[in-house]
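K.L.:
The opening position of the sequence shown corresponds to residue 1 in the UniProt record's numbering, with each subsequent residue numbered one higher. C-beta atoms are modelled at their ideal positions from N, C-alpha and C, and glycine is treated no differently.
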Amino acid sequence: MAAGLATWLPFARAAAVGWLPLAQQPLPPAPGVKTSRGDEVLVVNVSGRRFETWKNTLDRYPDTLLGSSEKEFFYDADSGEYFFDRDPDMFRHVLNFYRTGRLHCPRQECIQAFDEELAFYGLVPELVGDCCLEEYRDRKKENAERLAEDEEAEQAGDGPALPAGSSLRQRLWRAFENPHTSTAALVFYYVTGFFIAVSVIANVVETIPCRGAARRSSREQPCGERFPQAFFCMDTACVLIFTGEYLLRLFAAPSRCRFLRSVMSLIDVVAILPYYIGLLVPKNDDVSGAFVTLRVFRVFRIFKFSRHSQGLRILGYTLKSCASELGFLLFSLTMAIIIFATVMFYAEKGTNKTNFTSIPAAFWYTIVTMTTLGYGDMVPSTIAGKIFGSICSLSGVLVIALPVPVIVSNFSRIYHQNQRADKRRAQQKVRLARIRLAKSGTTNAFLQYKQNGGLEDSGSGEEQALCVRNRSAFEQQHHHLLHCLEKTTCHEFTDELTFSEALGAVSPGGRTSRSTSVSSQPMGHGSLLSSCCPRRAKRRAIRLANSTASVSRGSMQELDMLAGLRRSPAPQRQENHLNPGGGGSSELRSHHCTPA
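Next comes the structure, spelled out in structure tokens:
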């Protein structure tokens, strides 16, 4: 370990803290050793948090960053401190290691960030204390599994969407591995699942005894022999679907050699191979037994459900991660079975008509007893045999029960990891949807800004482009104040220019357009402007509801009346005025709008 720490070079440390762009230039000269007392207080500034410690405390481990002269690269002569732009919370545990000689792993911190801090300060993970070592290894293993699962999910197609120029193979593979990417993939997913269920059910139903009613015979034969054509057609349809799926997966696989060596590929081959062998094998008694044996492999089609079931995949991951515990369980059971079978054979050897005729024959009794099944077909008759049988039963409970909590713990851990991974994917989809919505909202705001006159066309022909209309400061403040009034009063205000344009949009003959910002209140000299009072607005809404004219027609009539009032002299009206520039007054009209 000391040799590994001694290879830590200053240039590598400098590159780790951001000096890598300076590698093309000559490095600064190594700082000289400062003349100091035998022991002094050193101030270490970590991202603004100051730590004080004795120099002898850091000198205990000279092969690390803080214990060697390499820390002088980080010395600030102006402040007299060693400055590190690192995590101060992590540094607290690093400094405690120099003080106590025991490195503790913080539970509330990220394990990957903790490893990065250890690498920066030149500490190896083997220095973690015994009190935290097991937890540190478990968290590191869990983090590695999570990263591997995320990488597999990204490669399988659960990651970001494919680019527009993706190939057919990439789109097919993504559709197979993630059926929810498109409607066609989802339909194919349910179709293959349906045929898997049909194949498994047909394999079971064809063995049910079926009496031939036409022959009126008492002999019962399996339904597969009674209706061979129907079962053959169902089997053919299922095998054709499975073959097409396998060939498409083989075509779309990123690595065909890796796909052929995978477990699911072998299951697919075993599921469809007996059918084609049955077509090639001649129907005679010599090979019928071998063909019946091959038909047994059709039951492996049920494992195709594991591709569509998350629970079965979690169970497979659990068995894979618990390989050592399962190996220990199998080894312990094998030893116990051999020992107790030998003891039971010699204990029952002298009795007449005993079933323990040999040690292999006693294996069955030992297995049934240790697994607490107890069929009762083989029972000991001597006192010694009964005593050893009881011990065999108790030892079986202990041997089987010990590894079970470890397997359950691993299953729970993997299950929660998959739940967190699904939650992260769902959150990522929500974030992507929000980003798309924000982009869409930005586009809509741009178009609305253009529609309201915020943008104007400049140039002509090919050089035509959109540019921001030059507005005075008073006009900008005027529109900003309108926006603020709309937000605070829940009313929509329209200035004089926009109101005139809205009136001009109504043609005398065919009214085809209307302004969405004009008030829809009943017209009168005192009601050109709507009040902010909710009761008055409610009364106006009731009067509008009792009106026999339609809303669109009433709006058109209202615009005609407003246009007539503007052309004819009218008495002084109570209006809201906003004078942005002190010159001409900008007339405001408001109507009640529904609060957001």
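In chain order, what residues of the same chain lie with their CB nearer than 8 Å to the CB of Arg86, ignoring the 5 residues before and after it?
P.N.:
Within the sequence shown, residue 86 is the residue found at index 86, counting from 1. For Arg86, where only same-chain residues beyond five positions count, the Cβ hits under 8 Å are Val46, Ser47, Glu117, Phe120.
K.L.:
Does the beta-carbon of Phe194 have 16 or more other beta-carbons within 10 angstroms, so that it is buried, or is it exposed?
P.N.:
Reading the sequence shown from its first residue, position 194 is the one you call residue 194. Its Cβ having fewer than 16 others within 10 Å, Phe194 is exposed.
K.L.:
What is the rounded straight-line gap between the Cα of Met90 and the Cα of Leu66?
P.N.:
The residue labelled residue 90 in the question sits at position 90 within the sequence shown. The residue labelled residue 66 in the question sits at position 66 within the sequence shown. Each residue's Cα considered, the two are about 14 Å apart.
K.L.:
Measuring straight from C-alpha to C-alpha, what distance separates Ser515 and Thr489?
P.N.:
Mapped onto the sequence shown, residue 515 falls at position 515. Mapped onto the sequence shown, residue 489 falls at position 489. For Ser515, the predicted structure reports a pLDDT of 40, less than 50, and the residue's modelled location is therefore unreliable. The matter cannot be settled from this model.
K.L.:
So Pro88 is in the alpha helix (DSSP H); what residue range does that whole segment cover?
P.N.:
Here residue 88 is taken as the residue at index 88 of the sequence shown, counted from 1. Run containing Pro88: 88-100, per the alpha helix (DSSP H) assignment.
K.L.:
For Ala185 versus Ala197, is the C-beta distance shorter than 7 Å?
P.N.:
Here residue 185 corresponds to residue number 185 of the sequence shown, with the count starting at 1. Here residue 197 corresponds to residue number 197 of the sequence shown, with the count starting at 1. No, they are not a contact pair.
K.L.:
For Met335, is the classification buried or exposed, using 16 other Cβ atoms within 10 angstroms of its Cβ as the cut-off for buried?
P.N.:
If you number the sequence shown from 1, residue 335 lands on position 335. Looking at its Cβ environment, which holds fewer than 16 other Cβ atoms inside 10 Å, Met335 is exposed.
K.L.:
I think Phe251 touches Arg137, with their Cβ atoms under 8 Å apart; what is that distance to the nearest whole Å?
P.N.:
To locate residue 251, count along the sequence shown from 1; it is residue 251. To locate residue 137, count along the sequence shown from 1; it is residue 137. So it is not a contact: roughly 42 Å between Cβ atoms.
K.L.:
Excluding the five sequence neighbours on either side, which residues of its own chain have a C-beta within less than 7 Å of the C-beta of Cys105, listed in chain order?
P.N.:
What you label residue 105 is simply residue 105 of the sequence shown in a count that begins at 1. Correct list, in chain order: Phe114, Val128, Cys132, Glu135, Tyr136.
K.L.:
Which residues bound the alpha helix (DSSP H) around Phe74?
P.N.:
Your numbering for residue 74 matches position 74 in the sequence shown. Unbroken run through Phe74: none, as it is neither H nor E.
K.L.:
Quick check: the Cα distance between Thr57 and Asp76, rounded to an integer number of angstroms?
P.N.:
For the purposes of this step, residue 57 is taken as the residue at position 57 of the sequence shown. For the purposes of this step, residue 76 is taken as the residue at position 76 of the sequence shown. Near 20 Å, if we compare the C-alpha coordinates of Asp76 and Thr57.
K.L.:
If we ignore side chains and look at the alpha-carbon of each, how far apart do Arg301 and Val204 end up?
P.N.:
Position 301 of the sequence shown, counted from the start, is the residue given in the question as residue 301. Position 204 of the sequence shown, counted from the start, is the residue given in the question as residue 204. Distance between the alpha carbons of Arg301 and Val204: 12 Å.
K.L.:
So, with DSSP's three-state summary, where would you put Cys322?
P.N.:
On the sequence shown, position 322 is the one that residue 322 refers to. Here Cys322 sits in coil by DSSP.
K.L.:
Just the C-alpha distance for Arg50 and Pro125, rounded to the nearest angstrom, thanks.
P.N.:
Within the sequence shown, the letter at position 50 stands for residue 50. Within the sequence shown, the letter at position 125 stands for residue 125. Each residue's alpha carbon lies about 25 Å from the other.
K.L.:
What would DSSP say about Leu273, mapped onto helix, strand or coil?
P.N.:
Counting from 1 along the sequence shown, the entry for residue 273 is found at position 273. In the structure shown, Leu273 sits in a helix (DSSP, three-state: H, G or I).
K.L.:
Between Ser69 and Arg313, what straight-line distance do the alpha-carbon atoms span, to the nearest angstrom?
P.N.:
Walking along the sequence shown from the start, residue 69 turns up at place 69. Walking along the sequence shown from the start, residue 313 turns up at place 313. Ser69 and Arg313: Cα-Cα distance of roughly 53 Å.
K.L.:
State the DSSP-derived secondary structure class of Glu587, mapped to helix, strand or coil.
P.N.:
Locating residue 587 in the sequence shown gives position 587, where the first residue counts as 1. Because the pLDDT at Glu587 is just 42, under 50, the model does not fix this residue reliably, and the value given afterwards should be weighed accordingly. Glu587: strand per DSSP, three-state reduction.
K.L.:
Report yes if the C-beta distance between Phe363 and Ile337 is below 7 Å; otherwise report no.
P.N.:
For this step, residue 363 is matched to residue 363 along the sequence shown. For this step, residue 337 is matched to residue 337 along the sequence shown. Cβ atoms of Phe363 and Ile337: closer than 7 Å.
K.L.:
Can you look up Arg139 in the DSSP assignment and give me helix, strand or coil?
P.N.:
By one-based count along the sequence shown, residue 139 stands at place 139. Helix at Arg139.
K.L.:
Where Thr207 and Pro222 are concerned, what is the direct C-alpha to C-alpha distance, given to the nearest angstrom?
P.N.:
For this step, residue 207 is matched to residue 207 along the sequence shown. For this step, residue 222 is matched to residue 222 along the sequence shown. Cα to Cα, the separation comes out at about 5 Å.
K.L.:
Is the distance from the Cβ of Thr382 to the Cβ of Ala341 below 7 Å?
P.N.:
The residue given as residue 382 occupies position 382 in the sequence shown. The residue given as residue 341 occupies position 341 in the sequence shown. It is not a contact, given that the beta carbons lie outside the stated cut-off.
K.L.:
Using only the alpha-carbon positions, how far apart do Leu333 and Leu373 sit?
P.N.:
Numbered from its first residue, the sequence shown carries residue 333 at position 333. Numbered from its first residue, the sequence shown carries residue 373 at position 373. Each residue's alpha carbon lies about 15 Å from the other.
K.L.:
Can Val44 and Tyr98 be called in contact, C-beta distance under 7 Å?
P.N.:
As a first step, residue 44 must be located in the sequence shown, where it is residue number 44. As a first step, residue 98 must be located in the sequence shown, where it is residue number 98. Contact: no.
K.L.:
Would you mind sorting Arg420 into buried or exposed? The rule is 16 or more other CB atoms within 10 Å of its CB.
P.N.:
Counting from 1 along the sequence shown, the entry for residue 420 is found at position 420. Arg420 comes out exposed.
K.L.:
Kindly examine the ligand GTP and report whether one of its heavy atoms sits closer than 6 Å to the Cβ of Leu248.
P.N.:
Within the structure as shown, the ligand GTP is missing, as the structure has no ligands at all.
K.L.:
Is the CB-CB distance between Cys322 and Ile400 below 7 Å?
P.N.:
In the sequence shown, the residue the question calls residue 322 occupies position 322. In the sequence shown, the residue the question calls residue 400 occupies position 400. Contact: no.
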